[in-house]
Structure formats: structure tokens, C-alpha cells
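Written out below as C-alpha cells is the structure these notes cover.
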Ligand SMILES: [Zn+2]
């Protein structure tokens, strides 16, 4: 779409705002042999416009994909993710319906971000009429928060009405994890991390009622209930391999299609709420 608008603009620029371009066509037909100097001048202007257009197109392509020149081998899970950006939590535009039917993820190297108990589960929060896309784990302010798997820091950010200080890491195994409400971030964007590296300190920044870690797991931008993959009481994955399936991993996306119930209605609302809260 952006490109369509862009080329419309180019067309306008070349013809709409440059009447000499039309003039050139007319001149060509009527005075082909009589005014070679004028024709040369018009051609010159047209050449300059073409050069400008090419330059703008190049600049726009660079803006669209700021890492176009980045070596793919430096992008974790480059076989799954086409892009690497430091700006949006979910830039992938990948609805659950378009995901492959089954993807096997090696989660054997998991290190728990904090070894602690769950204070709030993943799922619909009727009190706030919104989805909760992570698992909340108890911690004290200043406790080290560790990276769950080997990977590379994609985003370090601050969201006052939500995650507070947060870190997003892309992992070699294809998952992305988010660590929210940190009091301090100790890593930089594009930095490589090993499983267990401390990426920040626990806190209560953003939308938080007390010190805890908000921990999210995502695949191509779509949240998976971390409790499906990890046994937080034990600090280990349930199995060395986690199989992502549409219905099994993203059941909250499908629950609104099941027979009528209050549960169904609340999940339909969750579905809408998700759209509202996860536009970025
Ligand atoms: Zn949370």
C-alpha cells in the first residue's frame, strides 16, 4: 500500500507538478526538428526528475527495512523471522490462522527468568476486561532477571501504562520473550545473550501493583501461555521440545468460536481487547 501511494506521488510529481513533461511530449511531435536546444533542456530536466525519483525510492526502501544490509546470520531464527527491528514488539503481521500447523521448538536450554512462584496466570482478566498475555512471577525489587534462552536483545524500552521498563529478546530457537516491570535494564539493543545472563533487575514499573516480573513468550508475535511450556515451580520445561500448534498454543484465539457461553463471550471480548492493546 505504501508503495502504491508512493508511486502515485511520483506520477503526480513527474506529470502533475511538471507541466514541461507534457510539453516535452507535444514538442516532440510538433517541433521534432525545429528546436533541438529546447528539447535537450527538457530532456535534461526529465533526467534530473528521474534521478530524484530513483533517489527517493531508494531512501524509502531503506526506511521500510532499516536492516536490509544486515547479514542474515546475525539475526536469530532468521529462517522464521524475515526482519529485525528495535522499534515494535509485534511488527510481524502474522495472524495465528496463517501460522504453520506444527512447529517444534527446542526449549531444553531454558533458564527460569526468576526462580519463584506465579502470582498471576496468562489469560482473560474479567476485572480489567483485557487479556493478560504473560505469566507474573513474584520477585523483590532488585532481584536479577535472567534471559530464558540464548538470543539477542531486540528491544529495550519503557511503556509507562503497560510493561514499564521492558526487554524483548529474540531467541535462536524461534521464540521471543518479554520481561516487564523491571526497575533497571542491564542490556543494550542488539546485544547477544546466553541463557541465564542477567538482563535486568526486578521492579514494579509501568502498570503494576507490586514488584513482579511479567514474562511473555511469543512466536511470530503471537503470545503463548508460558505455563504450557514451563513448569515454573520446578524451573524446568515440561519437555525438551515444545510443539506449537494453532489450537493447542493459541486456544484463546479460538475459544470465541466454541458454543455459546459466558466464557465464550468474555473471550470474544479478549479477542477485541487484544487488538486494542497489541497494535504496536
Ligand atoms: Zn503480567
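Residue numbers (the working numbering): 1403 to 1682. Don't be surprised by glycine CBs; every beta carbon is placed ideally from N, CA and C.
Could you pull the start and end residues of the alpha helix (DSSP H) that residue i belongs to?
i, result
"residue 1535", "Here residue 1535 belongs to no alpha helix (DSSP H), and DSSP marks it neither H nor E."
"residue 1654", "1653–1656"
"residue 1630", "1628–1631"
Give me the Cα-Cα distance between residue i and residue j, rounded to the nearest whole angstrom.
i, j, result
"residue 1478", "residue 1599", "17 Å"
"residue 1481", "residue 1494", "14 Å"
"residue 1593", "residue 1571", "9 Å"
"residue 1625", "residue 1616", "13 Å"
"residue 1509", "residue 1579", "12 Å"
"residue 1654", "residue 1525", "8 Å"
"residue 1643", "residue 1560", "32 Å"
"residue 1408", "residue 1491", "Only weak support exists for where residue 1408 lies, its pLDDT of 47 falling under 50; the coordinates are left without a value."
"residue 1469", "residue 1476", "Interpretation of residue 1469 is limited by its pLDDT of 47, a score under 50 that renders its predicted location unreliable; no figure is taken from the coordinates."
"residue 1640", "residue 1628", "11 Å"
"residue 1612", "residue 1590", "25 Å"
"residue 1432", "residue 1446", "Any reading at residue 1432 must be qualified, since the residue scores a pLDDT of 46, below 50, and its modelled position is unreliable; the value itself is stated next. The straight-line gap from Cα to Cα measures roughly 19 Å."
"residue 1604", "residue 1632", "20 Å"
"residue 1542", "residue 1581", "15 Å"
"residue 1507", "residue 1484", "18 Å"
"residue 1503", "residue 1520", "30 Å"
"residue 1610", "residue 1657", "27 Å"
"residue 1549", "residue 1527", "27 Å"
Measure how close the beta-carbons of residue i and residue j come, nearest whole angstrom, since I'm counting them as under 8 Å.
i, j, result
"residue 1637", "residue 1595", "With a Cβ gap of about 18 Å, residue 1637 and residue 1595 do not count as contacting."
"residue 1597", "residue 1530", "At roughly 32 Å, the Cβ-Cβ gap does not stay under 8 Å, so residue 1597 and residue 1530 are not in contact."
"residue 1515", "residue 1555", "About 14 Å separates the two Cβ atoms, so there is no contact after all."
"residue 1534", "residue 1518", "The pair is not a contact, with the Cβ atoms about 17 Å apart (cut-off 8 Å)."
If distances are taken between C-alpha atoms only, which option among the options comes closest to residue i?
i, options, result
"residue 1576", "1645, 1557 and 1547", "1645"
"residue 1496", "1639, 1519, 1623 and 1536", "1623"
"residue 1621", "1498, 1581 and 1608", "1498"
"residue 1573", "1583, 1557 and 1563", "1557"
"residue 1651", "1657, 1630, 1640 and 1641", "1630"
"residue 1512", "1541, 1535, 1583 and 1619", "1619"
"residue 1390", "1657, 1648 and 1656", "The shown model of the chain, from 1403 to 1682, leaves out residue 1390, and the question about it has no answer."
"residue 1562", "1585, 1545 and 1521", "1585"
"residue 1532", "1564, 1607 and 1569", "1564"
"residue 1489", "1541, 1568, 1657 and 1542", "1568"
Just to confirm, are residue i and residue j a CB contact at a threshold of 8 Å?
i, j, result
"residue 1602", "residue 1588", "yes"
"residue 1501", "residue 1614", "no"
"residue 1634", "residue 1487", "no"
"residue 1583", "residue 1608", "yes"
From which residue to which residue does the beta strand (DSSP E) around residue i run?
i, result
"residue 1548", "1546–1548"
"residue 1506", "1504–1508"
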